[in-house]
Each structure stands twice: as structure tokens, then as C-alpha cells.
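Chains as they are written, first to last, in this note's numbering: chain E, 3 to 1044; chain B, 2 to 488.
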């Protein structure tokens, strides 16, 4: 190059162009033309901002504190926005509710924001079809209909159903409705446990008290899934994990219920009572029922119940929570609350004063059901729905969708297609919560602020602003709306006004209160369900909300479809869960179809054998099986179609209210699961230690397989036959034949120290950046992670955070299969071939219970790239696409990868994922980010191409960002200055990341814990991930029987 | 060249130690003219040959189409089921590489061991080797996620100073395959030189063909000095190829043995793979030579004695392979390594029991029938056995690759595997590719080494010199066959 340019300078002559130069120019321009001519891609222009908006620096993120609206709780989130697009949500550390954590549903709010099926703008029904209209036209139609309704005297019969939320908006909405002479709105949350809310109001005076697990010594949950969807999941999980991690005072946890949910799997003991017999347990605990009677009613052995009753009586303080959606839910919840009161738990472990306000003012499904009757009778003049989807979330038997057709005019403010909105006559799509202003009051005395993190993706408008603009044009209401928009309205209302609000916005929370304490809404006459035992059928039917998809809200978010259910590990599919022994007696293998018939209808589903089922029970998750909610939501079936419309006495839907006739249907459907074998086979992957051993500093029992023969179910759908009947011998942590050895931290092992491996020449002075004294300092570091299994609940928030942070494609949609003669079709087809791409997965292993008893232990192991110091993947890659970085990272170079996949074959942890298709190429059917889902992609992370390997990078982009920031600020990295996406979101605080070579980082201290171990340590991989054993709390040995 | 070129020596002459019975008898071949006529006569294309070639090309086209589809859409169209990251392509790669080994064994090692029965089958086997390696070499490229970047595995000088990872067995594979292809094709070509000269010197040959053969025969004039040089070169190449027979498949076995994976991580793999390779190659030799000798009317060249001797070799390698299988079981049990034990239990009784059953039946049980002389001397039975050997050896590689990967350390990631139509199409395509080359070969070049056969055919007696004299001074009835005989 340089010689060329010198030549050029020499040949430039004053008297015009020389021949040689002319040829050069000719050559260059020809080449340039040719290359441009060859370019197949459209030429696009990158134009920088001429005048850059405030706070926008290209390539640098801006963070906005706002409030999550994915469930009723109202957690605080921080939205990371890059170049005007929100790319990641993190929990707000200053928020009293979630304290920096964020659950999977919260993470997936982004896929709601960028949902490809969102309405692009307002729509109106013309000649029976929904068509795009302008906002002016839409608002005019809306105003006209409002006017008509009022002028005909039908205003009193108008109904507004709003997705339940706390904060100022409900009050604002009611005032607006009142201005038009309409009744107050119905605040609807199909996923909430209305019986418990009613019982809490009655017993404690608040809708949802804070549960202080730290103060308790025994936690008894009677079907209350406080780690799944029951109440404010994130703060409950934070408190629970904190309580359990403090081993000195950790409470024992007993779960009672017909199905072992995620909460149940985190319990130390599971009592598998019959559905509908929970009351017998509570009465037994209260001493109102003899143990034998309770045993008779519940189907649990008297000895177990006796021990349970004694332990409960002997342990204070405790927590008793009840839930589970039975027809007698209110009575059970009241009785459980009475137990708490009699044991003196209220105030010590149950704190009504610090309760969550997110569940106040909720309308019960009974109100909607009574609305159905009114609609059918023609008593509703105008129906307005915002966010809620009663046509889907109410049992089909209640007939909401049919009744809707009788309403003269229906307005939906939903931003997404759903079953209710598709029946509407006018759609005025709302902003996503990340695009609009608002507030919430999650706990008394704290205002959680909601602000837009970016400009709207589509031509939507905030419903609050729509209401204001309609009211301003209405002579009767205009005077009450002097403010141009809802934001101004909020500012005026905010204590301290604009100045205070601006000061509070960066933190996202402010002290103060917006609402008066509310009282319970009156419950209309309920259609109470009959006791379940009186219905006919051969099995009890249990419906439960899916932990991610919930009542169906998350169904069109591919992350939530793709991340396997924490319990069943099913994705993209609806299955009927059955106890293995029951399935065996009916001749059903995994995937065999069964007909499930109830009074309301029948459904054909594949069977999944799940040992956490009461033997007479069949369970189905709700939320899937949408007909009209977008492309991803079509997967699965909706079990609400076969649920009779019964209610508990608080007006909530009785999800466990009927028996069903279950018969073998013939036929087979592949089970879409990510589970291989659910047993460890003695490999010491998920280890545990009993609390007594931990306290006594004994090595304790452990690891792998407890003994005896396994029940046939355990594996996934295609469990190798040999595994099923094999009785592995008992053994300890070491592989047989190993010399007993001390735990090797491995984080600073000789191998890790010298990334060249054992072959590296110790005397060499030319180690380059691997030299600890190299100026870059990289060789001094060893990035590492600890995962505390005594904290981990298996909720999979980390998985969703990883999907969001690392641009991981979802692969389970039915159009992502090969186009020519695919041998597997339908939703989850790629996952049937185990092609899911999740860089971190939660393995759920069972220990014990091989005889099919309820007495088994579930262990959750988050598994990601272990960043081995002596990595098996590195030497086998022929092209150095994976190599060892000086700071201990095992690095994957996508550009260099040719796709031999040898690295994956040689990885004992199986944490490498291959791009079988061009998931990142828009022109392909396998494209995982259809516009505008691709707006969410993290610009710091490559979207991987077809045919390359990928894996967990320990969020290398965050490491480098922090390092660069420190360099720019001319300071060393501060301990715990940053963390990975999974660790940041973890609502159990189980994952800790940092520099294990520096004692000041928390990870270094945690790795020294007595419970620390490496997975497959015997392979000498020197991993950088340290697991801390789960701590088990076995039942105390009763005095006198030892 | 051919060693045994005389009738039985007189009783009092010390016997050459490793002279097989079969090697001295081509009783139906009388003279050089007959050899030329009959072997060169096979080169005339027939209708059936055109049909055969058409079928081969058809299968090849199926394979090519499937590959193009796979390149365009991504490897996902094949049946991979992570963590089973290798599947039919790697199985078939090892299968073809293994097939190649018999050819080199027959042409090089048996040459050094002076096993005379190789004379009539070695050309065929050697061509099979070259084409099998050409087929096998496609698969490592074919199975790449980004096949257009395959040259990154080759250490070529580049501006960025990036070299391959020399610790990786896959890089060793590149060298092994390229070396093997170079040597075996050279060996095939050198052996062909005198035969090409024969073809060149035919009458009624087209001028183009004559020109090509002239170039290829390197101006061979059948002089004594040419024969001397030729024989030395042949001997040298045979000695050079011999270690390759052992090393190439050892390197291929390192692809597995160097990994941690249970079922792969074992030191027995190199000898086990070499024995298996020779075994499978012998099977393929039978599959090819038995129909050829029938269709080309060459049964009096490739006699039943030759087949009998080759069958003994086949039986021997089957026993070696069987021994290796049993050592694997023993070591798995004796190691006390749980992962290894569970893997072997799964291999035999688990979801892959049928594949193991095919493997053990075809490779250990059925070849035992070759202990029976009657069956060994039955071309029909050998043809059947050759098919079961081919199937069994393909399944041996299947059992090594798939069950190991589907049943590794991490039980959560235990999976299954099922190939798709793309896998099968490319497998068929590989047979089409191999057969196409072989079809073209048998009508262009002699499938039986003319020059070597001539060495063992008694020459016409010459009146001027009625008998030969051996070094001890004894007289022979016939003229000794000096050319090529270990000059």
C-alpha cells in the first residue's frame, strides 16, 4: 500500500494525466463498479443524526426506570435503550418490590413491545371486516358512539373492562367513565387467586400481606404456588430464597396439593392430597378433625399426616398459605388464615401492614359472568375492553364470546389481536407499557413511576390520552380535562409536581401515596361449584395457570413459548399430566393421546407422565390454544374449553372443580420437551446436603442416584430402555476408583493459570497476554460464577434474560422446520430434535421416589458453559474457533467457525448450540426475529449465522463494556461492579458472577463455601462455574422414636 | 510383481515358505495372447454397462441435489439431534475410508508378504481404494456447517497468520486423507504403466486414445532396465503404503479416541479401526469382484482358490474385530467408570439394541461360517456375506457415533437420533459417486493386471533354450520368468 501511494505521488505530473495513472484510475473504477454490480443486497444509507436528540449517543445505552405491567404486582424495571430502541429490561434495584430482580414474564415484556402481530394502528369494522382507519376517523367513531349511547340513555349500561393494574389510571378511568355517566370499570385479572384475596381481606384487612419467610420456621403451602403465579411472585421468591439461604434459621417447607408445582418442587416434603380435600388437612392441622378422618378424605397415609400435624403443632412461628383454585377455595383460605391467627403468625411472619397493593380493587370473574347474562339479555349498550381477554380467560362454558356478539358496539383498546379484540367493532390500540406514562403503588407509601422508554413502535396511542382527547371534545366533560395529555395530568397529581417527578424519575420510585386505601368490591351472587367429589368421572381434573404464559397473556411471545415450563419442561405444547403409575395402569406411555371428557366438553391431549401428580388426578396448564392471538399463540390447546363454569364463593374461577372421564384415545403425539433423562444416574450433577450434616460439617449424603429400580417414566419421551430397569449401585461423590480428594476450586488452578494448558512451557517468557504481568492485566483475571442450589428455585428467569441479552433465536414455531419433506411438523418440531438454542438451561433432576411415592426430591441445576480452565472443546476445534482468553473465558469466534461440531461432541456439559438454519436471515422461513422483533436485538452481540456453533459467553460484552469504562475513567474495576444478564435477573439471587482471582469479589468468597463443588470434576476440566450444594431439610425425627 | 509364477517345484527343492496353494494356479490360462485377448476384451462397453453407469449417475445426482438443498437451507435438514452432532455423514466417512484399506492391504502388504493370491484381485481392490478415498474425502466437507470454508482446515500461508489447530484430530484427518489419496493413486498408476502400454499398442485404437495412453504409459517399451526400475519403484511404494494402511485409519480413529465421550475415549480404537477397515474392505472386494468375474467372464483368472484365500483373510480380520468388541465390553466393566458402563449397557440393551444386534451378527457371527471350507469356496455365499459385512461395518460406525453421543455424561441431554431423507439421499449419492468412478474405470483400464498375470502364465517354450538353470545349477523344464520377479 505504502509503496503504491508513493508511486502515485511520484507520477503526478503538472502537465496532465499520465498513461500509467490513467490505467490506475481506470482499474480502480472498473473494480469498484464491478464490485458494486456484484452486490446483491440493497444499498442502504447510514445517516447519523444531524442534530442528535438529548441523551442519545450512538452505541451508548440510555437507561429509563419504569414499571413492569406484565402482571398485577408492579415491579420496577430499568429499560436499556440504545439508539432509540429498548433492548433489555433489568430489575430496578431501588424498587422495594423486586429489588433488581426480574422474572421471565417481565423480561418478555419486550416481545410484547415488538410483537410482530401488534396492531399497526386503529382499526374499525366495516362491512363485517376490520380495516385500518386513521386516528381521527377512529376517534370520531368512538366519540360518536359514546354520544349515541349517552343520548339513548344507555350510558348506565356501558361496561369498561380493564386489565387489572394499580396506580392512578383506575381512578382516572372511573372519573372519565363517570363523566359520561357510565359505571365504574371492571378491573379484571384472570390469573389472580380471588378466593385468597377475599379471605385475606376478611382475615387481615388487606388483599395480599407480605409473607416474611425469614421469620418462619415452617412454611406450609396448601396449593398456594407463591413461586409460580400466586401473588407477587418476585418479592415472594426473593424473600423465600433469602430465608432458605440462611441455613441457621431456614424454614422447612411442606407443600400440600394434588399437583407438585414449581413451588411444590421446592418444598422439602410433598403431601399429595386428593383435589378438594384440602379442607380436611387444614381442619386436621387445626385439631378439628382426627388424623384418620383426614387420611380417609385425602388419600394420604395416616402416619404421614400424623407426623405433619405433630410437626406443625410443635413449630412456631410458621406460615400457612392456601390457594389452588378449588370450589371451596374461600373456605380453605379462611381456615388457613385462621390457623395463622391461632398460631400467632400474623404480625410475626405474615405482615398485613407491608402487604402488596397490586391486588386491590380487583373485579372477580363472577362479575364478568354476571355480565354475560346482562349481555345476553341485551342489557349492555357499549362494551369497552382494554388489555383483558375475557373471551379466552373465562371458561368456554360461560359463553362470553357468544354473549359479546349481542352487544351493539364493542371497543377494544388492546394493542394485540386476541379473542376478545377480534370480536370488537373498533380497535384503538394502546401503547405498550414501555411507551407510555403511568404509575403504580406496589406497596403502601411507594410510588413506582412509569415512563416511556422509547417512541412508539407503531401508530398507537395511550388509552389515557385517547380518553382525554375524547373528553375534551365532549362539551360535558371538557372542563374537567384542562391538561393536554395524561402525562401532564400525572405531573399535576404527583406530590411536588414536575420538579419532584423529574427528580424521582431516574430512580423510578418515589415516596408518597396516590390512592386512598380501598375496600373490597362487593361480590355478586356466585354460582358456587358443587364439591368436586360429587362430579362424575374417573379422574380429578386440575387446571393451573402456566408459570410464564399465565392466563394466556404471554402466549404470543416466542420466548415464553420456547422456555420450557420449569416443572414439566414442556414447550410449545399442551399436555395432560398424570402419575406414572396411573398412566401405566391405563396402558399409557408418554405421548399417547387421551380423551378428557367433562360435563362441558372434551379434549384430546398427549399424556405426560409426571411423578408429582396425585394418583387420581390429571392436570393441564392453561394459557395456550389461542385461536386468534397472533402467530405464536396458536400452539397447544385451551383446557378452559372443558371447564364447567363453576366459581368459588369469592367469585373466582374454580379451576379444580370437576372430575373428568379419561380414556385412551389411540394415537400418539411427540412430547415437546427439553428433558432427556430426569435422573442423574449417579453422576453428581445436582448435589445436596442435609441441613444437619451441613451444620455438623459432615460430608453428608449426596449426589446421585438413590438406589433401587427406577420407575419407568423418568426419562423423556425416548428414554433409553436400558436406563429404565437399571438399578445403579449406591455411591458417593467420587467416581469409584478415584482416590479421595479435596475439593479443587479450579478457579486458579495451574491449568487455568496457564491457558496454554499443561503443555505450555512454564519457563517461557513469551506468554503474551497470558502473562499475568502483561500490561492489559487480562492474565490476572479469572471470570467465574457461583450458583447456589439452595437458593435456586428453577424459575427460569435467567433463561429469559439470556434470550434477551444474547439474541438467542427461538426455534419452535411450526414454520421454522425445513420446507421440503420435513419429518417432524407442528409447533416445537425443532425442539423434538433438541435444537433449542438456550445458552443456559435449567436441569430438573429427581432424587428418590423411584417407587412412585410422593417422597422425591427435585433439584434444579442451571447449566451453561462452564468456561473450563482445561476445556475439552478447545483442542479439538481444527480452526481455533474456540480458544481460551487470557482472563479465563472460553471464547467462541463465530466468524472463524466452520461448523465441524466436534467441540460439542467433546463437551461433557453439552452446552454448545449449533445454528442448524439461518435463524438470523430475514428471507428464510426459519427467521427467528420477524420485524419488529429484531428491533430488540442487542447491538453488542452478533446475530449468529447459519452453520456456526454458539454458547454462553459469560456476557463477554458486559465484561468488556465494564473494563472499557474503567479504563476510560482511569481506575481499576470495582468488585461486583457489573454482572451477567442471568445473575442480574435472578429472583433468587442464586447466581453470582465475578473475578475469582480477586478476593474482593463476592464470587471468590462464595466459592470457598463448604458446599462448593464442580460438575464432572473428575474429568479435570477445571470449570469456572462453582455450584453450592442444595440444602435439604428432612422431616425431624419425632422425639421418642429416635 | 507376482511371486508364484511356476508350477510346483520338484520335491527335493526347498519350498518357499509363504507360498499359498492358490497362487500358482491359473490352469485355464494358457498363454500371453489369451491374457491380452480376454482382459483387454472386457473393455468393450456393453448396454448393461451403460445402464449401470446411468443408475450410478442417477444416484449421484440425487445426492448432489440433496447436498445443494442442505447447503442452501442449513444442516438442519439432516437428522441431527443435539447432542448427536455427528451422524450419517461421519458414519459414512469412516465407512468409506475403511473400505479403502483393503485395497492397500492387498496391493501393498500382501505384495510384501508374497501372497500370490493377490495377483488377480489387487487391481480391482486398488482402484476401489482410490475411489473409496475420493468418496470418503467428500464427507468431512459435506458435514460442515459452512462447507465453503473447508480450506481453513488446511495450513495454507495467509495474510493473517492464522493456522489450523494442530492439536485437533480433524486437522490430522486432513493430512491423513490427503496423504492416503496421493499415495494410493500413485501406487495404482505405477502398477498400471505396463498395462497401459499394452492398451496403447493395440491395433484399431482411436488416435486420441492412443495419444492419451502414450502419455500415461510414460513411453514404456518393455525393456529390461524399465522393468528393473519399475519393480524397484513398485517395491518402494508398497513399502511406503504399508504403514499408511495402519496409520490412516488410526488417525481416523483418533477423531473418536481423542474425545472425552464415553464409548469413544478408549485406547483400543486404532488397532480396532484398522482391523475393522480391512474387514470391511475385504467385504467390499468380494462385493465388487464376484459379479465382475462373472460378467466379464474372468472366472478362470479370479479362481475360487483366490476367493478362498481372501475369505480366510476376511475371517481372520473378523476374529480380530470380534476380539476388539469383547475387549471393549471387558474394559467398560473393568474400568469401574459409571458413565462408560451405563453407556455400554445402553448400547446393547438400550434404545440402540437393534443397531448393536445388526453389528454383532454381521461382523462376529456370520463370518464364522467361513470356517467351513464349502462355504468359503462358494462365490454365492461369499457374495452374500460381503453384503452383510458391508452392512455390519456401516452399523459398527453407527454404533460408535450415535449411541455414544446420545448417551453422554449429562443425562439431561440424552437424546435420540433419526436420519432424514437428506441423510439417506447423500448416502445413496456417495454410492453413486463411487460406482460412477468404478464403472468408468472398468471400461477404460484393465480390472486385472495384465502384466502380472502374464508373469504367472507359462510362456511359450522356446526351442533355442529348452530349459532354464537356477542358481544351484539345476535345470528347469520351463524358461524362468525373470521380468519383475524381485529384481
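Each residue gets a CB set at the ideal place from its N, CA and C atoms; glycine is no exception.
- Counting along the chain, residue 785 of chain E sits inside no alpha helix (DSSP H); it lies in the beta strand (DSSP E) bounded by residues 785-790.
- Contact between the region 341-348 of chain E and the region 291-298 of chain E is absent: fewer than 3 CB-CB pairs across the two stretches fall below 8 Å.
- Taking CB atoms only, residue 163 of chain B has a neighbour in chain E less than 8 Å away.
- Only buried fits residue 361 of chain E, as 16 or more other CB atoms lie within 10 angstroms of its CB.
- In the structure shown, residue 1014 of chain E adopts extended strand secondary structure according to DSSP, grouped into three states.
- A contact between stretches requires three or more CB pairs, one per stretch, nearer than 8 Å, and the region 308-315 of chain B meets this requirement with the region 369-385 of chain B.
- Residue contact with chain E for residue 259 of chain B: present (Cβ-Cβ distance below 8 Å to some residue of chain E).
- Interface residue (Cβ-Cβ distance to chain E less than 8 Å): residue 340 of chain B is classified as such.
- Taking the beta carbon of residue 86 of chain B as reference, the chain E residues within 7 Å of it are 903, 906, 907, 916, listed in sequence order.
- The alpha-carbon of residue 356 of chain E is positioned some 39 Å away from that of residue 632 of chain E.
- Separation of residue 128 of chain E and residue 135 of chain E (C-alpha to C-alpha, rounded to the nearest whole angstrom) is 10 Å.
- Relative to residue 362 of chain B, the option among B:32, B:386, B:347 whose CA is nearest is B:386.
- Beta-bridge analysis with DSSP links residue 448 of chain E to E:513.
- Within the same chain, Cβ atoms closer than 7 Å to the Cβ of residue 471 of chain E are found at 141, the five residues on either side in sequence being excluded.
- Using a CB distance below 8 Å, no part of the region 218-229 of chain E faces chain B.
- Taking a beta-carbon distance threshold of 8 Å, residue 83 of chain B counts as an interface residue toward chain E.
- In the three-state reduction of the DSSP assignment, residue 84 of chain B falls in the coil class, being assigned neither a helical nor a strand state.
- Secondary structure at residue 292 of chain B: helix, using DSSP grouped into helix, strand and coil.
- Runs of the alpha helix (DSSP H) lying entirely within the region 480-553 of chain E and spanning at least 4 residues, in chain order: 488-495, 499-506.
- Annotation: the region 297-374 of chain E contains the following complete segments of the alpha helix (DSSP H) (minimum length 4 residues), in chain order: 304-316, 331-345.
- In chain E, no part has a C-beta under 8 Å from the C-beta of residue 329 of chain B; the shortest such distance is about 16 Å.
- For residue 165 of chain B, the CB contacts under 6 Å within the same chain, skipping 5 residues up- and downstream, are 154, 156, 172 in chain order.
- Residues of chain E with a Cβ closer than 7 Å to the Cβ of residue 168 of chain B are, in chain order, 877.
- The region 54-62 of chain E makes no contact with the region 402-409 of chain E: fewer than 3 CB pairs, one atom from each, lie closer than 8 Å.
- In the DSSP assignment, the residues bridged to residue 886 of chain E are E:892.
- Of the residues E:808, E:879, E:585, the one whose Cα lies closest to the Cα of residue 953 of chain E is E:808.
- Annotation note: the region 184-249 of chain E contains the following uninterrupted alpha helix (DSSP H) runs of length 4 or greater, listed N- to C-terminal: 196-206, 235-247.
- Here the region 83-101 of chain B makes contact with the region 119-137 of chain B; the two share three or more CB pairs at distances below 8 Å.
- DSSP places residue 66 of chain E in the uninterrupted beta strand (DSSP E) bounded by 63-69.
- Under the Cβ criterion of 8 Å, residue 886 of chain E is not counted among the residues facing chain B.
- One thing to note: residue 430 of chain E has its Cβ within 8 Å of the Cβ of residue 144 of chain E.
- About 5 Å separates the Cβ atoms of residue 201 of chain E and residue 336 of chain E, confirming a contact at the 8 Å cut-off.
- For residue 440 of chain B, the enclosing alpha helix (DSSP H) stretches over residues 422-445.
- In the structure shown, residue 272 of chain E falls within a strand segment according to DSSP collapsed to helix, strand and coil.
- When rounded, the separation of the alpha-carbon atoms in residue 109 of chain E and residue 224 of chain E is 29 Å.
- If you draw a 10 Å sphere on the C-beta of residue 793 of chain E, you find 16 or more other C-beta atoms in it, and that means buried.
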